[in-house]
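Under UniProt numbering, the first residue of the sequence shown is numbered 1, with each subsequent residue one higher.
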Amino acid sequence: MYMVYWTIEEGESHTPHAQPFATTAMVEAMRFMEDLRRRQREGEGVRFVTMCSEHPDVVGHPGVDVTGPGYDWKKRRR
Numbered sequence: 001m002y003m004v005y006w007t008i009e010e011g012e013s014h015t016p017h018a019q020p021f022a023t024t025a026m027v028e029a030m031r032f033m034e035d036l037r038r039r040q041r042e043g044e045g046v047r048f049v050t051m052c053s054e055h056p057d058v059v060g061h062p063g064v065d066v067t068g069p070g071y072d073w074k075k076r077r078r
């Protein structure tokens, strides 16, 4: 799944927005972002255009995980 995030600034007001896109709709998400950036270039108060993705079939948990007692990593030094 993809999420496009952006903020609309009107004077002192900052309104955050988000639009979801399916995992198979990356091209549509990119087109949507480009439309937002076009509006920004034309002088509209569109700011902070960004995209995040999260795969629904991810195997592990996001972020840092705790290792078990059998984990024995060592940094090799010369």
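Even glycine gets a Cβ: it sits at the ideal position worked out from N, Cα and C.
With 16 other Cβ atoms within 10 Å as the buried cut-off, status of residue i
i: Ala-18; result: exposed
i: Tyr-71; result: exposed
i: Val-58; result: exposed
i: Trp-73; result: exposed
i: Ala-22; result: exposed
Nearest candidate by alpha-carbon position, reference residue i, set the options
i: Tyr-2; options: Lys-74, Pro-56, Pro-69; result: Pro-56
i: Pro-20; options: Arg-77, Glu-28, Glu-12, Val-4; result: Val-4
i: Met-51; options: Gly-11, Ala-29, Pro-16, Ala-25; result: Ala-29
i: Glu-10; options: Val-46, Pro-69, Val-27; result: Val-46
Where residue i falls: helix, strand or coil (DSSP)
i: Met-33; result: helix
i: Met-3; result: strand
i: Val-46; result: strand
DSSP beta-bridge partners of residue i
i: Met-26; result: Answer is none; Met-26 lacks a bridge partner.
* With contact counted as at least three CB pairs below 8 Å, one residue from each stretch, are the segment 54-65 and the segment 30-40 in contact? -> Under the three-pair Cβ rule at 8 Å, the segment 54-65 does not count as touching the segment 30-40.
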